[in-house]
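full-length UniProt numbering puts the first residue of the sequence shown at 1, with every later residue one more than the last. Yeah, the Cβ is synthetic: ideal placement off N, Cα and C, and Gly gets one too. Keep in mind it's a predicted model, so treat the numbers as computed, not measured.
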Amino acid sequence: MSMLSKLRALSSTNRPSSTTKYSAYSRSAYARPYACFFARIPDFRAQAKERGGEVELRDPGSPRGRPRRVISTLTPSLLMESDHLDLSQKRTISRPFLLTAGLSYHLCYEWDRKTVTSFPAHARDFLYLGPRPGLSPLAASLRFRCTPTASFDDGHDLLLLPDGLPWQRLLVQAVVSTIPTLRDQLLREGHLTPDALEKWRKRLDGHGGRVFPSLWLFGLHQRFPVDFGRGINFVVVGEQIDPITMNNILGDHSGLSKRRYPFRGSALAHFERSPTDPHILHLRIAEVLEPVVASMPDVEDSRIVLSHAGALFSVRRQAASRSRLLPGDGKPRAFDLRADTKISEALRVLVENG
1 MSMLSKLRAL SSTNRPSSTT KYSAYSRSAY ARPYACFFAR IPDFRAQAKE
51 RGGEVELRDP GSPRGRPRRV ISTLTPSLLM ESDHLDLSQK RTISRPFLLT
101 AGLSYHLCYE WDRKTVTSFP AHARDFLYLG PRPGLSPLAA SLRFRCTPTA
151 SFDDGHDLLL LPDGLPWQRL LVQAVVSTIP TLRDQLLREG HLTPDALEKW
201 RKRLDGHGGR VFPSLWLFGL HQRFPVDFGR GINFVVVGEQ IDPITMNNIL
251 GDHSGLSKRR YPFRGSALAH FERSPTDPHI LHLRIAEVLE PVVASMPDVE
301 DSRIVLSHAG ALFSVRRQAA SRSRLLPGDG KPRAFDLRAD TKISEALRVL
351 VENG
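Structure below.
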C-alpha cells in the first residue's frame, strides 16, 4: 500500500439540519489516501458553479429543526465542553461553526476511490488550530486532539496509520479552498487576517487543488513519506512555492538505458545538515513504514544501498571510468546547497526556514 494522500473539503448548508454541501477535491500522485475533508459529487458540478462552488443536498436522516452541536472556536485556550466531538467509528461527520452563519464543516478520516475509512475508536475530543512555532504561519494546521485527561496539553494529536503523521488540514488549504467555511471561521477568530489572506492567495496562485499536507515542507527536519519504488516528491514553502521532483534519487541507471528502482517499500525521511560540511545536506530514513526489500534479482549490483531505519540514504561510488561500482557499503548521498539547480535552491529555503 503506497502512502500518500487525498484531501477532501466538504461543508454543509445554511440549513444545518437538512442539507449538505460538497466541495471540489484534491488528488495525489500517490495511491494512498490521507486526512480528507470529504468529496465532491461530479453530477452536481453545474449546480456548484451556480452557487459559488457549493451544492445543497437534502439529508433525510436529519429532522428539520433538530438542534445541533456547534463548534464555537478552534483556539485551544477557548475550547469549551460544548466543542467536544465524538468521531469514534464514524465514516463522516458534519458540524457547523458558530461564526460562519451555520455553515457546517464535513470531515472524514481517510478516503480513496472506493472506500471511506472510519475514524478510529479513540477519536474523541476537539478540533483545534495548531501553529508551528518558528515556521511560516502557513504551516499551521487544523488537527484533532485526543485528551484522555482534563488537560489539553496532556493529550495527543490523532494520527494516520501506518505513517504516524498527524491527521490534519493545512492553513494553506483553507486559503486556496473555494469553500469558505473554515476560512471564515479562522478570519473571525483572528487566526487569519484579510491582508495575510490576500498575500498568501497570491503566493499560492496556481497551486490550488494540489495540497497534500504530508508533502508540504516548511522546515529542514520535517518528515515526509518516501516510496522506494518511485521518485521523491515534495513542495518547499518559502516566499515562493517550489514543487520538487527527484526521479533519479531512488532509481538506478548503472549500465542501463532505462531507470529502474532496485527496492520497494516505504519510509518517513527528512533532510539534515552534514556534520562535516555545512553546505551539504543528507537524507535520513527516520522510520520504515513498509519493509524495504529488493525488487530485482541483481540488487547487489545496484548503485542504491538498502536503507534501514535511522540510517542516511546512501549510494555506492563509481569508479573513475564510471563503468563499474566500487566495493563497499557506499556513502551518504550528498545534496550540495551551492549547486545552481532548482533542487538546491529549494533546499536552501528549507535551511533558512529552520
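Membership of Thr181 in the alpha helix (DSSP H) is indicated by the continuous run Thr181 to Glu189. Residue pairing from DSSP places His282 in a beta bridge opposite Glu272. Between Ile285 and the set Thr276, Pro278, Glu272 and Asp277, the nearest pair of CA atoms involves Glu272.
For Ala267 and His122, the gap between their C-alpha atoms comes out near 25 Å. Within the segment 228-256, no run of alpha helix (DSSP H) reaches 4 residues while sitting entirely inside it. For Pro213, the CB contacts under 6 Å within the same chain, skipping 5 residues up- and downstream, are Gln168 and Leu170 in chain order. Counted as a single uninterrupted DSSP element, the stretch harbouring Glu110 is not any alpha helix (DSSP H) but the beta strand (DSSP E) occupying residues Ser104 to Trp111. Collapsing the DSSP output to three states places Asp83 in a helix. Counting only residues of its own chain and dropping the five nearest sequence neighbours on each side, Thr75 has a CB closer than 8 Å to the CB of Tyr128, Leu129, Glu189 and His191. Ranking Leu337, Pro180, Asp298 and Ser344 by CA distance to the CA of Arg260 puts Asp298 first. In chain order, Ile93, Phe119 and Ala123 place their CB closer than 6 Å to the CB of Leu87, counting only its own chain and leaving out the 5 sequence neighbours on each side. Between Pro332 and His270, the CB-CB gap reaches or exceeds 8 Å. Between the alpha carbons of Lys342 and Ala174 lies a distance of about 28 Å. The beta-carbon separation of Leu138 and Val172, rounded to 5 Å, stays under the 8 Å limit for a contact.
With respect to Asp125, Gly164 sits apart: the two C-beta atoms are not nearer than 8 Å. Around the CB of Gly310, fewer than 16 other CB atoms lie within 10 Å, so the residue is classed as exposed. Listed in chain order, the beta strand (DSSP E) elements of length 3 or more contained wholly in the segment 110-184 are 124-130, 141-146 and 168-170.
For Ile71, no alpha helix (DSSP H) run applies, since DSSP gives it neither H nor E. Taking a contact as a CB-CB distance under 8 Å, the pair Asp157 and Pro166 counts as one, their CB atoms being some 5 Å apart. Taking 8 Å as the upper bound for CB-CB distance, Ser314 and Gly330 are in contact here, some 4 Å apart. In this structure, Phe224 is the residue among Trp200, His106 and Phe224 with its C-alpha nearest to the C-alpha of Leu289. Distance between Pro131 and Gly231, taken at the CA atoms: about 30 Å. In the three-state reduction of the DSSP assignment, Asp336 falls in the strand class.
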